[in-house]
Amino acid sequence: MTQPLHNETGQAALTNALTTSFRVLRWVMAGVVVVYLFSGVFVVGQHEHAYVLVFGKVAGWGAERLHGPGLHWTWPKPIAEIVRIPTERVQVIESATFLPRAGVSTATLQPGADGYTLTGDANLIHAKWAVRYTVVDLETYSFRLKDPPAILQRELDHAVVKCTARFPVDQALRTEIEALRGAVDSELRRRADALGLGVRIERVDLLAVAPPKQVAAAFDAVIEAEQDRSSKISAARAAAARLWNEAQGEAARLISEGEAYRRRVVAEVGASADYFTKVYEQYQQNPDIIARTLLQDTLRRALGNVDQKFLIHQNPRGEQQLRLLLTPEPKPLNANP
Numbered sequence: 004m005t006q007p008l009h010n011e012t013g014q015a016a017l018t019n020a021l022t023t024s025f026r027v028l029r030w031v032m033a034g035v036v037v038v039y040l041f042s043g044v045f046v047v048g049q050h051e052h053a054y055v056l057v058f059g060k061v062a063g064w065g066a067e068r069l070h071g072p073g074l075h076w077t078w079p080k081p082i083a084e085i086v087r088i089p090t091e092r093v094q095v096i097e098s099a100t101f102l103p104r105a106g107v108s109t110a111t112l113q114p115g116a117d118g119y120t121l122t123g124d125a126n127l128i129h130a131k132w133a134v135r136y137t138v139v140d141l142e143t144y145s146f147r148l149k150d151p152p153a154i155l156q157r158e159l160d161h162a163v164v165k166c167t168a169r170f171p172v173d174q175a176l177r178t179e180i181e182a183l184r185g186a187v188d189s190e191l192r193r194r195a196d197a198l199g200l201g202v203r204i205e206r207v208d209l210l211a212v213a214p215p216k217q218v219a220a221a222f223d224a225v226i227e228a229e230q231d232r233s234s235k236i237s238a239a240r241a242a243a244a245r246l247w248n249e250a251q252g253e254a255a256r257l258i259s260e261g262e263a264y265r266r267r268v269v270a271e272v273g274a275s276a277d278y279f280t281k282v283y284e285q286y287q288q289n290p291d292i293i294a295r296t297l298l299q300d301t302l303r304r305a306l307g308n309v310d311q312k313f314l315i316h317q318n319p320r321g322e323q324q325l326r327l328l329l330t331p332e333p334k335p336l337n338a339n340p
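Here the sequence shown is numbered in the working numbering, starting from 4 and rising by one per residue.
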């Protein structure tokens with residue numbers, strides 16, 4: 004009796020334990036399912052959009068295929084995959100294709116190892132370029148092209164090679180850098196539109212440009228000579244401008260003085276003419292009186308400029324005598340008595 008009762012008690016305990024375990028397991032599995040499903044919640048940030056791939060294909064139809072900023076849900080991995088694409092944000096790709104090897108110093112440039120590009124006069128230069136772009140066709144950029152940034156960089160390199168070959172080395176290095184940059188910019192825009200890359204080229208920048216280091220000293224010497232030439236030309240032009248201004252000022256002064264003198268002489272001559280006309284009219288009416296008056300005025304003006312005046316009277320016989328008292332001639336100081 005004791006043994007069967009003991010077996011029944013053990014079986015009951017085992018049954019209760021299994022029942023409890025299965026109940027807990029169901030709750031655990033339910034929790035796992037909930038957590039798994041909840042892990043499908045994702046957030047699309049500002050300045051980006053997202054596509055959901057279910058078993059490798061884009062989920063949804065039409066505008067529903069593209070998810071904008073906000074909270075969304077989809078099947079968790081590995082069923083679904085989220086592809087995020089930056090939008091309304093300028094992205095940058097830099098190209099160091101035409102730069103020499105870093106940290107390697109050789110006597111000559113090594114083709115195939117060192118990057119370079121050819122100019123229009125068959126010279127070599129090193130350059131570093133960058134392109135700034137914005138994604139405008141999200142589906143094309145994400146699914147119709149394989150590695151769009153790599154494609155865009157290759158097109159940038161192609162545009163650099165094509166456009167640099169149009170410029171001599173002096174223009175590419177110094178005098179026409181902006182023209183070279185603009186040519187590469189236009190060529191890359193044309194290629195991006197022709198290939199349908201789904202991007203808008205914002206700007207192409209030339210970050211660095213230099214001759215090969217093996218001939219850098221020769222280029223520096225040419226630059227110094229041109230700078231010295233330019234400084235001397237500038238100094239000569241400044242001196243010429245200064246002398247021209249001084250000559251213009253002196254000419255203006257002489258012209259002004261001459262004009263003032265002309266006006267003064269004309270005014271004096273005009274006044275004399277008016278005076279003569281008035282006197283002549285009076286002379287025609289009273290010639291004797293006017294003649295004596297003019298004579299007296301002339302004598303008065305003449306005597307006014309003389310320090311000593313002598314008046315010689317006539318004697319009763321109408322004669323005039325002028326006697327001068329002369330002192331003896333002074334003797335020389337070294338004369339003997």
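Cβ coordinates follow ideal geometry from the N, Cα and C atoms, glycine included.
Give the straight-line distance between the Cα atoms of residue i and residue j, rounded to the nearest whole angstrom.
{"i": "cysteine 166", "j": "alanine 242", "result": "41 Å"}
{"i": "glutamate 229", "j": "serine 237", "result": "12 Å"}
{"i": "glutamate 322", "j": "isoleucine 292", "result": "27 Å"}
{"i": "leucine 155", "j": "leucine 191", "result": "9 Å"}
{"i": "leucine 297", "j": "isoleucine 315", "result": "22 Å"}
{"i": "valine 272", "j": "glutamate 262", "result": "15 Å"}
{"i": "proline 340", "j": "lysine 312", "result": "No answer about proline 340 holds up, because its pLDDT of 47 lies below 50 and its placement is not dependable."}
{"i": "threonine 22", "j": "valine 36", "result": "21 Å"}
{"i": "lysine 235", "j": "glutamate 227", "result": "12 Å"}
{"i": "tyrosine 144", "j": "valine 138", "result": "7 Å"}
{"i": "alanine 99", "j": "lysine 131", "result": "5 Å"}
{"i": "phenylalanine 170", "j": "leucine 183", "result": "7 Å"}
{"i": "glycine 185", "j": "arginine 245", "result": "39 Å"}
{"i": "valine 187", "j": "valine 207", "result": "7 Å"}
{"i": "valine 268", "j": "alanine 294", "result": "27 Å"}
{"i": "aspartate 223", "j": "leucine 102", "result": "19 Å"}
{"i": "serine 275", "j": "tyrosine 283", "result": "12 Å"}
Could you name the residues that DSSP lists as bridge partners for residue i?
{"i": "tyrosine 144", "result": "In the DSSP output, where bridge partners are listed per residue, tyrosine 144 has none listed."}
{"i": "serine 189", "result": "DSSP output for serine 189 lists no bridge partner at all."}
{"i": "leucine 121", "result": "Leu127"}
{"i": "serine 317", "result": "Per the sequence shown, the amino acid found at residue 317 is glutamine instead of serine. Paired residue(s): none; glutamine 317 is not in a bridge."}
{"i": "serine 98", "result": "Trp132"}
{"i": "threonine 137", "result": "Arg203"}
{"i": "glutamate 51", "result": "Pro89"}
{"i": "proline 114", "result": "Asp117"}
Please identify the residue among the options whose C-alpha is closest to the C-alpha of residue i.
{"i": "leucine 210", "options": "His129, Ala239, Arg267, Thr296", "result": "His129"}
{"i": "alanine 213", "options": "Tyr136, Gln174, Thr143, Arg320", "result": "Gln174"}
{"i": "glutamate 51", "options": "Arg29, Arg87, Val38", "result": "Arg87"}
{"i": "leucine 141", "options": "Pro89, Leu246, Asp310, Ala263", "result": "Pro89"}
{"i": "asparagine 126", "options": "Ala153, Pro215, Lys80", "result": "Pro215"}
{"i": "alanine 195", "options": "Val134, Phe222, Ala250, Val218", "result": "Val134"}
{"i": "isoleucine 96", "options": "Ile204, Ala220, Pro290", "result": "Ile204"}
I'd like to know if residue i contacts chain C, where contact means its C-beta is closer than 8 Å to some C-beta of that chain.
{"i": "arginine 135", "result": "In the structure shown, chain C does not exist; there is a single protein chain."}
Problem set entry | Touch test, the segment 142-160 against the segment 189-208, Cβ-Cβ under 8 Å, three pairs minimum | yes
For this session: Could I get the ranges of all uninterrupted alpha helix (DSSP H) runs contained in the segment 162-215, with 4 residues as the minimum, in chain order?
Result: 180-198
Exercise. Does the pairing of the segment 118-134 with the segment 160-179 give three or more beta-carbon distances under 8 Å?
Worked result: yes
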